[in-house]
Amino acid sequence: MDDFQKQMKRLRRNPAFVAAFDKRRTEAEVAFQIRRLREAKGWSQRDLARKVGCSQQAVSAIEQAGYKRHSLPLLRRIAAVLDADVVVALVPRRAA
């Protein structure tokens with residue numbers, strides 16, 4: 003279990019965190035995946051920005067869990083340079 007997983011395990015015991023996290027889960031997952039793929043290639047945020055055609059500040063913002071302004075065209079460009087695919091799915095919510 004890596005440090006991130008240990009931290010998440012600890013935080014999931016906090017009901018307030020769980021409620022807030024669930025509201026932002028998609029943004030957090032996208033941010034984490036982009037960062038993980040970038041780091042696996044040994045790239046800095048600046049490296050990814052150059053390859054995608056945006057600023058380092060834009061990459062930094064996109065890698066933040068609370069970022070809400072994702073666009074499919076930008077995600078597709080990021081995915082292409084990271085040798086990944088973008089998958090969008092609408093999943094029915096759980097019944098209360």
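Quick note on numbering: our numbering labels position 69 of the sequence shown as 71, and the sequence is numbered without any gaps.
The C-beta atom is built at its ideal place from N, Cα and C for all residues, glycine as well.
Assigned with DSSP and collapsed to three states, residue 40 falls in helix.
The C-alpha of residue 30 is placed about 18 Å away from the C-alpha of residue 84. Of the candidates 25, 13, 9 and 19, the residue whose Cα lies closest to the Cα of residue 95 is 25.
Secondary structure at residue 66: coil, using DSSP grouped into helix, strand and coil. Per the coordinates, the alpha-carbon of residue 60 lies some 20 Å from the alpha-carbon of residue 27.
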